[in-house]
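K.L.:
Structure below; questions to follow.
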Amino acid sequence: MSAAKQIPAFAVVILGAGASSRMGRPKLLLPWRDTTVIGHLLKQWRELGAAQIGIVMRPQDAALAAELDRLGFPRADRIKNPQPERGMFSSILCAAGWPGWKDEIATWAIVLGDQPHLRPETLRQLLEFHFANADAVCQLEFDGHARHPVLLPRRAFKELKVSPAGTLKDFLKRTSVRSVRCSVDDPGLALDLDTPEDYQRAQASTKAA
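Dropping the structure here:
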């Protein structure tokens, strides 16, 4: 995204409170290129122009906290989920209720912590598509299915606080804000880093790209 192009201020919510049980070790701390998965995600979204990044994490995750310290990530932008066992949507709700967001933020990108393999042009295309439809919820689409990340404009992000939904999918069905999909040809959208085999495939896909 061109630095000269003025875009509305957007924030990124990185969901990092998962247990990584199937991976067997913390996903965000896995090596990725010349850093870690979380290091890569932070660099990627900063380069895309994020005005603020918040990371939702477990309260006692000392290993992730140490890595964030090493990366120089502000402690003030770490959002604690006191009940991460309730699942991903609980982390999204923690982010929606967090008082630390900058006033100028117009859009929030809900980002999985296990997609470092997504192409930068995929995310750039999503952002540009969203800002052409700035009042709408915008979600990536690949192979006919909705994928992550999801971009929520201010009105939708505020609705999270009072929504009776139990999952993000349910919330997106209930929200009063219109939704649009950005269709992208990126096979990486269909791959999450759930197992060691997924991790190997994701690394291989980025090397082949």
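Residue 31 in the working numbering sits at position 30 of the sequence shown; the count goes up by one each step and never skips. Glycine is no exception: its CB is placed at the ideal position from the N, C-alpha and C atoms. Model, not experiment: these values are computed from the prediction.
Determine, using beta-carbon pairs with one atom in the stretch 75-85 and one in the stretch 156-164, whether at least three such pairs fall under 8 Å.
P.N.:
Segments in contact, no.
K.L.:
Which residue or residues does DSSP assign as beta-bridge partners of valine 13?
P.N.:
On the sequence shown, position 12 is the one that residue 13 refers to. Valine 13 is bridged to Ile54, Ala110.
K.L.:
Taking the alpha carbon of glycine 25 as the point to measure from, which residue in Asp104, Trp46, Thr196 has its own alpha carbon closest?
P.N.:
The residue given as residue 25 occupies position 24 in the sequence shown. Comparing Cα-Cα distances from glycine 25 to each of Asp104, Trp46, Thr196, the minimum goes to Thr196.
K.L.:
Going by C-alpha to C-alpha distance, which of Glu105, Phe130, Thr123 sits closest to valine 138?
P.N.:
Stepping through the sequence shown from its first residue, residue 138 is reached at position 137. Per the Cα distances, Phe130.
K.L.:
Distance, Cα to Cα, alanine 52 vs histidine 118?
P.N.:
For the purposes of this step, residue 52 is taken as the residue at position 51 of the sequence shown. For the purposes of this step, residue 118 is taken as the residue at position 117 of the sequence shown. Spanning the two alpha carbons is a distance of roughly 22 Å.
K.L.:
Tell me whether threonine 168 is buried or exposed, calling it buried when 16 or more other Cβ atoms sit within 10 Å of its Cβ.
P.N.:
One-based indexing of the sequence shown puts residue 168 at position 167. Exposed, because fewer than 16 other Cβ atoms sit within 10 Å of the Cβ of threonine 168.
K.L.:
So which of Cys95, Leu194, Pro154, Gln204 has the shortest CA-CA distance to proline 9?
P.N.:
Locating residue 9 in the sequence shown gives position 8, counting from the first residue. Comparing Cα-Cα distances from proline 9 to each of Cys95, Leu194, Pro154, Gln204, the minimum goes to Pro154.
K.L.:
Could you give the distance in angstroms between the alpha-carbon of glycine 55 and the alpha-carbon of alanine 67?
P.N.:
Here residue 55 corresponds to residue number 54 of the sequence shown, with the count starting at 1. Here residue 67 corresponds to residue number 66 of the sequence shown, with the count starting at 1. In a straight line, the C-alpha of glycine 55 is about 16 Å away from that of alanine 67.
K.L.:
With DSSP as the reference, label serine 180 as helix, strand or coil.
P.N.:
As a first step, residue 180 is located in the sequence shown; it is residue number 179 there, counting from the start. Reduced to three states, the DSSP call for serine 180 is strand.
K.L.:
Quick check: the stretch 140-147 against the stretch 186-203, are at least 3 beta-carbon pairs closer than 8 Å?
P.N.:
Enough Cβ pairs lie closer than 8 Å, so yes.
K.L.:
Once you ignore the five residues that flank proline 60 on each side, which residues in its own chain have a CB closer than 7 Å to its CB?
P.N.:
To locate residue 60, count along the sequence shown from 1; it is residue 59. Within the same chain, proline 60 has close Cβ partners Lys81, Pro83.
K.L.:
May I have the straight-line CA-CA distance separating leucine 43 from arginine 120, to the nearest angstrom?
P.N.:
Within the sequence shown, residue 43 is the residue found at index 42, counting from 1. Within the sequence shown, residue 120 is the residue found at index 119, counting from 1. Spanning the two alpha carbons is a distance of roughly 14 Å.
K.L.:
Sorted by chain position, which residues of the same chain lie with C-beta nearer than 6 Å to arginine 179's C-beta, five sequence neighbours on each side aside?
P.N.:
Walking along the sequence shown from the start, residue 179 turns up at place 178. If we look at arginine 179 and ignore the five residues flanking it on each side, its Cβ neighbours are Ala137.
K.L.:
What is the C-beta distance between valine 181 and glutamine 126, in whole angstroms, given that I count them as a contact (C-beta under 8 Å)?
P.N.:
The residue you call residue 181 lines up with position 180 of the sequence shown. The residue you call residue 126 lines up with position 125 of the sequence shown. In fact, because the Cβ distance is near 13 Å, the residues do not count as touching under 8 Å.
K.L.:
Tell me whether threonine 207 sits in a helix, a strand or coil according to DSSP, three-state version.
P.N.:
Locating residue 207 in the sequence shown gives position 206, where the first residue counts as 1. DSSP places threonine 207 in helix when its eight states are reduced to three.
K.L.:
Using a threshold of 7 Å, state whether the C-beta atoms of leucine 72 and alanine 110 are closer than that.
P.N.:
As a working note, residue 72 is residue 71 in the sequence shown. As a working note, residue 110 is residue 109 in the sequence shown. No, they are not a contact pair.
K.L.:
Taking only runs that begin and end inside the stretch 82-153, name each unbroken beta strand (DSSP E) of 3 or more residues, in chain order.
P.N.:
The qualifying runs are 108-113, 138-143.
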